[in-house]
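Heads up, the sequence shown is in this note's numbering, so the first residue is 96 and it goes up one at a time. Built from N, CA and C at the ideal position, the CB exists for glycine as well. Have a look at the structure below before the remarks.
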Amino acid sequence: MEPVNLDESFASFDETWAPRIAAELNDYAVKVAKLDGEFVWHAHDETDELFLVREGRLRIEFRDRDDADLGPGDLLVVPRGVEHRPVALEPTEVLLVEPTETRNTGDAAESDLTHDPERLS
96 MEPVNLDESF ASFDETWAPR IAAELNDYAV KVAKLDGEFV WHAHDETDEL
146 FLVREGRLRI EFRDRDDADL GPGDLLVVPR GVEHRPVALE PTEVLLVEPT
196 ETRNTGDAAE SDLTHDPERL S
């Protein structure tokens, strides 16, 4: 049991759209990520996904419902199977909570945005 300092966690990397595992509980990970610009349309068929904005502005776009605009302190749970696309309206820091091995691009074709979750040390 070691405390995780979020300021240090976010300062430890610069890459965007490449979540890092800051902590784990049961089979879930708390991931930190820096976002900028548009991501890919995707869904996670097996799990919900929680977004918590720490800094910046994030829009979660949906094909079949109204988009959600999030600012610092806002969180949103995207239900399993719902197609979505995160769009960082400015450089944004988020916490994600999802099963540890969840692929960041979900069911989308593998691309240069697809990353295996890396653990912070």
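Check: Classification of P174 by the beta-carbon crowding that lies within 10 angstroms, buried from 16 upward; Outcome: exposed
Check: Beta-ladder partner(s) of H179, from DSSP; Outcome: H137, F157
Check: For S104 and I116, the rounded distance between their alpha carbons; Outcome: 9 Å
Check: V189 burial status per 10 Å Cβ neighbour count (16 or more: buried); Outcome: buried
Check: Pairwise C-alpha distance: G168 and G176; Outcome: 25 Å
Check: Chain-order list of residues whose beta-carbon lies under 7 Å from that of L147 (same chain, five-residue window excluded); Outcome: L170, V189, L190
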